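To keep things clear, I will list the structure first and then write my remarks on it.
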């Protein structure tokens with residue numbers, strides 16, 4: 010059992026080190042942070058979505074913005090598309106591929122931002138959400154683990170963090186990227202939370 014624990018940790022370390030050695034990926038993370046800062050500066054809202062574990066990451070991202078990350082500060086307007094009533098209604102009546110796009114059509118406005126997570130880069134409901142957001146004049150930030158011609162074409166910023174053969178390594182990198190984005194947003198608006 011100890012061997013498997015060490016192997017898992019080494020795989021995670023290898024994935025993180027690969028990201029650290031990827032200057033183009035690091036540049037997209039910086040671009041994503043700048044995009045979110047610009048949206049919040051213009052009084053826009055952020056919506057986040059994903060499937061399965063990525064939905065949990067989207068929810069975590071939104072609550073860190075509306076709640077707090079490291080120290081107290083004013084709330085930032087962010088929502089994860091995770092309401093069970095909405096998801097089951099749209100999934101049942103219109104199809105699961107529209108569960109996120111319908112929400113964006115209802116609530117999104119020009120100047121807002123969609124943060125969409127898809128480890129595979131092929132999730133149809135994520136593509137539909139990005140299409141809806143772009144049509145409304147929203148910024149679109151996608152976090153993925155693979156290249157995706159469809160999502161890259163719809164994105165303002167496409168953050169690709171390959172993590173190996175399975176989604177769990179990609180998700181581990183995504184949560185790190187999301188934490189970095191939150192920190193950079195806080196450092197911009199609330200520098201007093203980061204003395205020194």
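In the numbering used here, the protein residues as written are 10 to 205.
Built from N, CA and C at the ideal position, the CB exists for glycine as well.
The structure displayed is predicted, hence computed values, not measured ones.
- Taken atom to atom, the span from the alpha-carbon of residue 83 to that of residue 72 is near 13 Å.
- Partner residues in the beta bridge of residue 123, as assigned by DSSP, are 56 and 149.
- DSSP places residue 112 in the helix class (H, G or I) of the three-state scheme.
- In this structure, residue 181 sits away from residue 17, with a CB-CB distance that is not shorter than 8 Å.
- The DSSP-derived three-state label of residue 167 is strand.
- Here the stretch 103–122 does not lie against the stretch 30–40, with fewer than 3 beta-carbon pairs under 8 Å apart.
- Residue 159 sits in a helix when the DSSP states are folded into three classes.
- Under the 10 Å beta carbon count, residue 102 is surrounded by fewer than 16 other beta carbons and is classified as exposed.
- Rounded to whole angstroms, residue 93 and residue 205 show a C-alpha spacing of 43 Å.
- When C-beta atoms of the stretch 143–159 are compared with those of the stretch 196–205, fewer than three pairs fall below 8 Å, so the two segments do not count as touching.
- For residue 88, the enclosing beta strand (DSSP E) starts and ends at 87–89.
- The Cβ atoms of residue 60 and residue 132 sit closer than 8 Å to each other.
- In this structure, residue 163 sits near residue 143, with a CB-CB distance shorter than 8 Å.
- 8 Å or more divides the Cβ of residue 167 from the Cβ of residue 179.
- Around residue 76, the same chain offers 84 as residues with beta carbons nearer than 8 Å, after the five sequence neighbours per side are excluded.
- For residue 69, the closest alpha carbon among the candidates 188, 192 and 194 is that of 188.
- Contact between residue 116 and residue 56 is confirmed by a C-beta separation of about 7 Å, below the 8 Å threshold.
- Inclusion of residue 154 and residue 129 in the CB contact set at 8 Å is warranted, their separation being smaller than that value.
- DSSP places residue 72 in the uninterrupted alpha helix (DSSP H) bounded by 62–75.
- By alpha-carbon distance to residue 87, the top candidate from 53, 12, 78 and 114 is 53.
- With 16 or more other Cβ atoms from the protein chains shown falling within 10 Å of its own Cβ, residue 194 counts as buried.
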